[in-house]
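Asks: Let me give you the structure first, and then I'll get to my questions.
There are 2 protein chains.
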Amino acid sequence: MMEITSRANDAVKTAVKLRESAAFRRERGQFLLEGARLCRDAAQSGIAVQTLYCTLTAQEKYAEYLAPLRACAADCVRVSEAVSAALSDTSSPQGIFCLCALPDTNRARWKPGGIYLALNNVQEPDNQGGILRSCEALGGAGVLLGGGCDLYHPKALRAAMGAGFRLPVTVTADLPALLRESDFPTFAAVPDSDARDIRTVDFSGGAVLVMGNEGNGVSPAVLDACTERITVPMAGNAESLNVAAAAAILLWEALR
Amino acid sequence: MMEITSRANDAVKTAVKLRESAAFRRERGQFLLEGARLCRDAAQSGIAVQTLYCTLTAQEKYAEYLAPLRACAADCVRVSEAVSAALSDTSSPQGIFCLCALPDTNRARWKPGGIYLALNNVQEPDNQGGILRSCEALGGAGVLLGGGCDLYHPKALRAAMGAGFRLPVTVTADLPALLRESDFPTFAAVPDSDARDIRTVDFSGGAVLVMGNEGNGVSPAVLDACTERITVPMAGNAESLNVAAAAAILLWEALR
Chain A
38 MMEITSRAND
48 AVKTAVKLRE
58 SAAFRRERGQ
68 FLLEGARLCR
78 DAAQSGIAVQ
88 TLYCTLTAQE
98 KYAEYLAPLR
108 ACAADCVRVS
118 EAVSAALSDT
128 SSPQGIFCLC
138 ALPDTNRARW
148 KPGGIYLALN
158 NVQEPDNQGG
168 ILRSCEALGG
178 AGVLLGGGCD
188 LYHPKALRAA
198 MGAGFRLPVT
208 VTADLPALLR
218 ESDFPTFAAV
228 PDSDARDIRT
238 VDFSGGAVLV
248 MGNEGNGVSP
258 AVLDACTERI
268 TVPMAGNAES
278 LNVAAAAAIL
288 LWEALR
Chain B
38 MMEITSRAND
48 AVKTAVKLRE
58 SAAFRRERGQ
68 FLLEGARLCR
78 DAAQSGIAVQ
88 TLYCTLTAQE
98 KYAEYLAPLR
108 ACAADCVRVS
118 EAVSAALSDT
128 SSPQGIFCLC
138 ALPDTNRARW
148 KPGGIYLALN
158 NVQEPDNQGG
168 ILRSCEALGG
178 AGVLLGGGCD
188 LYHPKALRAA
198 MGAGFRLPVT
208 VTADLPALLR
218 ESDFPTFAAV
228 PDSDARDIRT
238 VDFSGGAVLV
248 MGNEGNGVSP
258 AVLDACTERI
268 TVPMAGNAES
278 LNVAAAAAIL
288 LWEALR
């Protein structure tokens, strides 16, 4: 098998840029995924794997993950340890990477009684990924992503543990319009004590839970499109919960 | 005022090492804190601020935060922008740092009906800090920290947003012994579907909620010291919640 040994190789440079730049990912319609488990999960979730890159060491160590991956990947290329280190976002890479096609950005469907999450400019990749992971684990029906959210940042991909491949996700440039056309009540999560206590809300008919930016909360335009402001009542001196913790509690309360 | 302009200055080198090394923090009994808000919160929470370092720019920009800080700090030293960049853990530092004494590590007290969190080798600083933030926001009575947890890592300090200074925290090398001597039921959070559903637990008499390591969960020795294993019931294909999300849901359920 041919092996890429140079970091100056064009395919390597493209892959590194896909890892680093959201704009480049959108331009190319591709993203770079790292790690045996995540790559296998993506392939098994129907993500189109265009090229599988792996080291000789990984080929032996992660054989069980690679078998289903090889069956899906259009192309398999061996890379040296040095190239693996260049492709990786971590300090101890497993040596497995997939160049994938960005999936369809309009996969969420309104289901009766479904609980949906909408992310309005949630900024931190760890938070975005963590929220998707909670949404899947707790049984959310789908995710609506407004501008400023990027699920294909390496950290967001890691934190989501594949939830973004399995959950129905819709990406929109106009979140207020999408919220207005939903048949469900749309609740903006805010850290304000005068907003409605989530324990008094009836979520049984379905709902959209809207989470805002870490620093600035839900934007005025999105707030304006929501049915109501709701809040997790707090004790103590803390001003607010982290957005991923608040999302977990809201999902739990709506789905428990 | 004298200004430190060299990164080779001994005080700067010590501060950088305190930021980087948990072992050095323990050895010196000190930690380095960064940011106007966090430094002020620490001082107002009774943390002993030994030296305040700030840039001329910060002195003007964050005057309202600095006033209470200067009143508490034993010593105030001006630093250049280059030194600020060396001290900082972020890409755009505010230019305010405090060298603080590590607080007493035995502050948690058993209160009737209190809900306590115990961290058993939770590894990621973001998770540790996020869990402390949730604990304070939701009204937890205190935190028990087993080995492997380090609240004074710069990322943990940022994620906790000062909760670690205000919450009663006890650090222990023997978490199983501390759990055994508690008067409360001690619940190990596990991702196993055969563990007890948290919706069926009566938390009203107080409880200790034990969160485990991101990869390996609660250790066998700690599990053995717990009254019962409990779990957040899950849907979908996800194997588990992130530990900070699980802690938020558990705290919420126990305190709602």
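Respectively, the protein sequence lines represent chains A and B.
Here my numbering is used: the first residue of the first sequence is 38, the next is one more, and so on.
Here my numbering is used: the first residue of the second sequence is 38, the next is one more, and so on.
Built from N, CA and C at the ideal position, the CB exists for glycine as well.
#1: Could you give the distance in angstroms between the alpha-carbon of Ser-296(B) and the alpha-carbon of Ala-197(B)?
#2: Taking Cβ-Cβ distances shorter than 7 angstroms, what residues in chain A pair up with Asp-163(B)?
#3: Just confirm the distance between the C-beta atoms of Val-247(B) and Ala-225(B), as a whole number of angstroms; I'd bet it's less than 8 angstroms.
#4: Which one of Thr-268(A), Asp-261(A), Val-227(A), Ala-272(A) has the shortest CA to CA distance from Gly-252(A)?
#5: Quick one: give me the first and last residue of the beta strand (DSSP E) that Tyr-102(A) is part of.
#6: In this structure, how does DSSP classify Ile-267(A) when only helix, strand and coil are distinguished?
#7: Give the secondary structure of Phe-134(B) by DSSP, where H, G and I count as helix, E and B as strand, and everything else as coil.
#8: Strictly below 8 angstroms CB to CB, what residues from chain A border Arg-170(B)?
#9: Can you give me the start and stop residues for the alpha helix (DSSP H) that Thr-51(B) sits inside?
#10: Please name the residues in the region 150 to 161 of chain B whose beta-carbon is closer than 8 angstroms to at least one beta-carbon of chain A, in chain order.
#11: So, using beta-carbon positions, are Leu-143(B) and Thr-207(B) closer together than 8 angstroms?
#12: Taking Gly-177(A) and Leu-154(A) to be in contact with their CB atoms under 8 angstroms, please state how far apart those CB atoms are, rounded to whole angstroms.
#13: Which class does Arg-144(B) belong to by DSSP, given the choice of helix, strand or coil?
#14: List, in chain order, every chain A residue whose beta-carbon is nearer than 8 angstroms to that of Gly-167(B).
#15: Give me the chain A residues within the contact set of Ile-267(B), using Cβ-Cβ distance strictly less than 8 angstroms, ordered along the chain.
#16: On the criterion of 16 or more Cβ atoms from any shown chain inside 10 Å, does Pro-149(A) qualify as buried, or is it exposed?
#17: Which one or two residues does DSSP pair with Asn-250(B) in a beta bridge?
#18: Quick test of the definition: if touching needs 3 or more C-beta pairs under 8 angstroms, does the region 257 to 272 of chain B touch the region 161 to 175 of chain A?
#19: Let's see if you can read the secondary structure: which residues bound the beta strand (DSSP E) around Ala-232(B)?
#20: In or out: Asp-187(B) buried (at least 16 other Cβ within 10 Å) or exposed?
#21: Going by DSSP, what residue range makes up the beta strand (DSSP E) through Ala-226(B)?
#22: Quick one: Cα of Gly-151(B) to Cα of Ser-241(A), how far?
#23: Alpha carbon to alpha carbon, how far is Thr-268(B) from Gly-254(B)?
#24: Just to make sure I have the definition right: I need the residues of chain A whose C-beta is within less than 7 angstroms of the C-beta of Ile-133(B). Which are they?
#25: Chain A partners of Leu-69(B), CB-CB under 8 angstroms?
#26: Quickly, what does DSSP pair Gly-179(A) with across the bridge? List them, please.
#27: Below 8 angstroms between beta carbons is the criterion; list the residues of the region 96 to 108 of chain B that meet it against any residue of chain A, in chain order.
#28: Throw me the rounded Cβ distance for the Pro-191(B) and Arg-56(B) pair, which I believe falls under 8 angstroms.
#29: Which residue's Cα is closest to the Cα of Leu-136(B): Ala-282(B), Ser-128(B), Asp-126(B), Cys-76(B)?
#30: Beta-carbon within less than 7 angstroms of Trp-289(B)'s beta-carbon, same chain only, minus the 5 sequence neighbours each way: which residues are those?
#31: Would you check if the region 98 to 113 of chain B and the region 153 to 171 of chain B touch, i.e. whether three or more CB-CB distances between them fall below 8 angstroms?
#32: Considering only C-alpha positions, which residue in the set Glu-118(A), Ser-117(A), Ala-85(A), Ser-121(A) is nearest to Arg-107(A)?
#33: Quick check on this structure: which residue in Val-114(A), Gly-249(A), Ala-285(A), Pro-130(A) has the alpha carbon closest to the alpha carbon of Arg-170(A)?
#34: Using alpha carbons as the reference points, say which of Val-280(B), Glu-40(B), Leu-292(B), Tyr-90(B) lies closest to Pro-162(B).
#35: Does the beta carbon of Arg-77(B) come closer than 8 angstroms to any beta carbon on chain A?
#36: In terms of residue numbering, what span does the alpha helix (DSSP H) encompassing Arg-203(A) cover?
Replies: With the structure as the only source:
#1: This structure cannot speak to residue 296(B), because chain B is shown only from 38 to 293.
#2: Here residue 163(B) refers to the residue found at position 126 when the second sequence is read from its first residue. Going along chain A in sequence order, the residues near Asp-163(B) (Cβ under 7 angstroms) are Asp-163.
#3: To locate residue 247(B), count along the second sequence from 1; it is residue 210. To locate residue 225(B), count along the second sequence from 1; it is residue 188. Yes, Val-247(B) and Ala-225(B) are in contact; Cβ-Cβ is about 5 angstroms, under 8 angstroms.
#4: Taking the first residue of the first sequence as position 1, residue 252(A) is located at position 215. Considering only alpha carbons, the answer is Val-227(A).
#5: For the purposes of this step, residue 102(A) is taken as the residue at position 65 of the first sequence. Per DSSP, Tyr-102(A) is not a residue of any beta strand (DSSP E); the alpha helix (DSSP H) it occupies stretches across 100 to 109.
#6: Here residue 267(A) refers to the residue found at position 230 when the first sequence is read from its first residue. Correct three-state label for Ile-267(A): strand.
#7: To locate residue 134(B), count along the second sequence from 1; it is residue 97. It is a strand residue.
#8: Position 133 of the second sequence, counted from the start, is the residue given in the question as residue 170(B). The answer, in chain order, is Ala-275, Leu-278, Asn-279, Ala-282.
#9: Within the second sequence, numbered from 1, the residue matching residue 51(B) stands at position 14. Where Thr-51(B) is concerned, the enclosing alpha helix (DSSP H) stretches over 47 to 57.
#10: Answer set for the region 150 to 161 of chain B: empty.
#11: Translated into positions along the second sequence, residue 143(B) becomes position 106. Translated into positions along the second sequence, residue 207(B) becomes position 170. Before going on, a small fix: residue 143(B) reads as Asn here, not Leu. Taking 8 angstroms as the Cβ cut-off, Asn-143(B) and Thr-207(B) qualify as a contacting pair.
#12: Taking the first sequence and counting its residues from 1, one reaches residue 177(A) at position 140. Taking the first sequence and counting its residues from 1, one reaches residue 154(A) at position 117. Yes, Gly-177(A) and Leu-154(A) are in contact; Cβ-Cβ is about 6 angstroms, under 8 angstroms.
#13: As a first step, residue 144(B) must be located in the second sequence, where it is residue number 107. In the structure shown, Arg-144(B) adopts coil according to DSSP, grouped into three states.
#14: For the purposes of this step, residue 167(B) is taken as the residue at position 130 of the second sequence. Ordered by position in chain A, the residues that pass the 8 angstroms Cβ test against Gly-167(B) are Asn-279, Ala-281, Ala-282.
#15: Looking up residue 267(B) in the second sequence gives position 230. The CB of Ile-267(B) never comes closer than 8 angstroms to any CB in chain A; the least such distance is about 14 angstroms.
#16: Your numbering for residue 149(A) matches position 112 in the first sequence. Classification for Pro-149(A): exposed.
#17: For the purposes of this step, residue 250(B) is taken as the residue at position 213 of the second sequence. By DSSP's assignment, Asn-250(B) forms a beta bridge with Gly-254(B).
#18: Touching, per the Cβ criterion.
#19: Mapped onto the second sequence, residue 232(B) falls at position 195. Element bounds for Ala-232(B): n/a, residue is neither H nor E.
#20: Within the second sequence, residue 187(B) is the residue found at index 150, counting from 1. It is buried - the Cβ of Asp-187(B) has at least 16 other Cβ atoms within 10 Å.
#21: Locating residue 226(B) in the second sequence gives position 189, counting from the first residue. 223 to 226 is the extent of the beta strand (DSSP E) around Ala-226(B).
#22: Against the second sequence, residue 151(B) aligns to sequence position 114. Against the first sequence, residue 241(A) aligns to sequence position 204. Note on geometry: alpha-carbon atoms of Gly-151(B) and Ser-241(A) lie some 31 angstroms from one another.
#23: Residue numbering aside, residue 268(B) sits at position 231 when the second sequence is read from its first letter. Residue numbering aside, residue 254(B) sits at position 217 when the second sequence is read from its first letter. Computed Cα separation, rounded: 12 angstroms.
#24: Walking along the second sequence from the start, residue 133(B) turns up at place 96. Within 7 angstroms Cβ-Cβ: nothing; Ile-133(B) doesn't reach chain A, min ~18 angstroms.
#25: Residue mapping note: residue 69(B) aligns to position 32 of the second sequence, counting from 1. Under the 8 angstroms cutoff, chain A gives no residues; its nearest Cβ is about 23 angstroms from Leu-69(B).
#26: Here residue 179(A) refers to the residue found at position 142 of the first sequence. Partner(s): Tyr-153(A).
#27: Those would be none; no residue qualifies.
#28: Residue numbering aside, residue 191(B) sits at position 154 when the second sequence is read from its first letter. Residue numbering aside, residue 56(B) sits at position 19 when the second sequence is read from its first letter. Going by Cβ atoms, the distance from Pro-191(B) to Arg-56(B) rounds to 6 angstroms, so yes, they are a contact pair.
#29: One-based indexing of the second sequence puts residue 136(B) at position 99. Taking each of Ala-282(B), Ser-128(B), Asp-126(B), Cys-76(B) in turn and checking the Cα distance to Leu-136(B), the smallest one comes out for Cys-76(B).
#30: Mapped onto the second sequence, residue 289(B) falls at position 252. Counting only Cβ-Cβ distances below 7 angstroms, and skipping sequence neighbours, we find Leu-175.
#31: Output reads no: the region 98 to 113 of chain B does not touch the region 153 to 171 of chain B.
#32: The sequence position of residue 107(A) within the first sequence is 70, counting from 1. Arg-107(A) has its Cα closest to that of Ala-85(A), out of Glu-118(A), Ser-117(A), Ala-85(A), Ser-121(A).
#33: Translated into the one-based positions of the first sequence, residue 170(A) becomes position 133. Relative to Arg-170(A), the option among Val-114(A), Gly-249(A), Ala-285(A), Pro-130(A) whose CA is nearest is Ala-285(A).
#34: Translated into positions along the second sequence, residue 162(B) becomes position 125. Checking every option, the nearest Cα to that of Pro-162(B) belongs to Val-280(B).
#35: Counting from one through the second sequence, the residue named residue 77(B) turns up at place 40. Chain A, which has no Cβ nearer than 8 angstroms to the Cβ of Arg-77(B), makes this no.
#36: Indexing the first sequence from 1 puts residue 203(A) at position 166. Secondary structure note for Arg-203(A): its alpha helix (DSSP H) is the uninterrupted segment 200 to 203.
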